[in-house]
Every structure is written in C-alpha cells, then in structure tokens.
Amino acid sequence: MSFDALHVHHAVASFDKQIYLAAMFGKQRWSFDAARGVLIFEGAHAERTELAVQVLGTESDEDASWRWAWAQADSALASRLLTDAQMLRALGEREAIPELRDAETPLRSGFDGATLAAVASGVCRAGCFFRAPYPGGALFLLVRDGHFRRFVTRPLPRIRRIFPMFLSDHRVPDARAHYLPYLAFYRLAVTETANTVEARHGEADPLVATFDAAGQLKALRGGDGAPGGLDVLRPNG
C-alpha cells in the first residue's frame, strides 16, 4: 500500500464531501475553538453551528512542508483531538507509508495538506475535512460530528454531476481507477465490461460510464435525471 494508492481510493468521495461542506457553510464566517475542539460557523443572521473536529496537522508555506499535529511539541492541543492523527500514524507504521508515519514531509506534486486530508477523510470515515488558513500556512481539521451528515437520496445523478467536476479539478492518469471506489462509497451494484462501468441503484435507470483504453472518461450517461440545486444535500437536524 502506498499513499498514492490510498489517494486514488478516497479522492473522489472526499471531493464529494467537500462539495457538501461548501454548499452548507461556504459563505459563512468560521472560527476554531482549539480548547474545545470545535469548528464554528456563523451566518449573516447570527445563526451558529458548532461541529466537533479532530486535528490533523499543518501545511507550511514557508518551508513547503506538512507536519503532523502529534509531532508539534509546543502544541497545547488535548490528546483527544489527535485520535485520528495517531490512528493514521499507526497505519503508516504498519504499512510503511512515510507520509502518514513521519512527523514531517516535504510538499510535492501530488502531495499537500489537502491531498493528505482527503485521504484522512476517507480512511477515518469523517464527515469532511476543513482547511483553516493562517498567515504562512494552514491547519487541517477533520469534521467528526454526528450533526454533519450527508443524506444523498439519489446517488446516480449526484455521481454524474460530481465526478466530471472532480476530473476538471484534478488531472489524473486513470479516471476509471478513481471512479470505481467512488461507486463503492455509495454501495452501488456495479457491472464492468472492457470499456464500460454500469452502476445501479434501486429502480433508477443505470448510470453508464465509458472509458478509453487508458482509463480516461469518454462519456457518462443515464441515472434518473440531474439533481436540481440542493435536492440531494440534506443536513441532519
């Protein structure tokens, strides 16, 4: 197992989660209460949402590096906020994945704080991750709160919308390799041929993806109609 393989497996589902986060809180002010381990969003009309989080680590602009929160000796963070980071560290030690195991890793093409947080979001089954920028870098958090839940009642049209968005934002050598774990994330019935992947959900028309020999997406058709606005984005409570 490598970090890159983990990213292929979790990248699209994590991207999907981030789209949901942006839809819910993208226009709201945010703050982080480190003592309580709470990410706070405040809307224009004083509405306030608090979400429990785990702390992953920091991305430094100054030396272009990632540093895990558990490795920052001067941090006053409570150990309970580092549970997921420590779990990922144990995975890195067990599977010899230096990006998860080592205290600090230089940033490179294909590896930065967002890439690592996407992997963490998938491995830890978090609601999403949050990038909290500050002068000279950013802190990355995992949202781990039961009040932040995605209710996707029609996964096929959502996949048809989200997957091309992912490909437009990420240049990947094998789109098919990214697509199959995304379908598994939604627990869909899948049938494959040499150049097609058919996904089914309930009585809806199948969603059929066509790929070329290199695994690049050529067409994505079917499903049960394109979703409108937020009709598949339903927050808990």
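Residues in the sequence shown are numbered consecutively from -13, following my numbering. Every residue, glycine too, gets a C-beta built ideally from N, C-alpha and C. The structure displayed is predicted, hence computed values, not measured ones.
Cβ shell of H164 (< 7 Å), same chain only, five flanking positions each side left out = V(-6), A(-3), V(-2) and V158
Are any of the Cβ atoms in chain B nearer than 7 Å to that of V(-2)?
-> Of the protein chains in the structure, only one exists, and it is not chain B.
Could you check where the beta strand (DSSP E) with I148 kicks off and where it finishes?
-> Unbroken run through I148 is the alpha helix (DSSP H), P141 to D155; no beta strand (DSSP E).
Given that a residue counts as buried once 16 or more other Cβ atoms are within 10 Å of its Cβ, and exposed if not, what is H31?
-> exposed
Is DSSP giving S46 helix, strand or coil here?
-> strand
So is P143 buried or exposed if we call it buried at 16+ other beta carbons inside 10 Å?
-> buried
Within the same chain, show all residues whose beta-carbon is closer than 6 Å to that of P192, passing over the 5 residues directly before and after it, in chain order.
-> E184, R186 and G208
Any chance the region 34 to 47 sits against the region 67 to 80, with 3 or more Cβ pairs inside 8 Å?
-> yes
Beta-carbon separation of L86 and R146 under 7 Å?
-> no
Please state whether DSSP places P92 in a helix, a strand or coil.
-> strand
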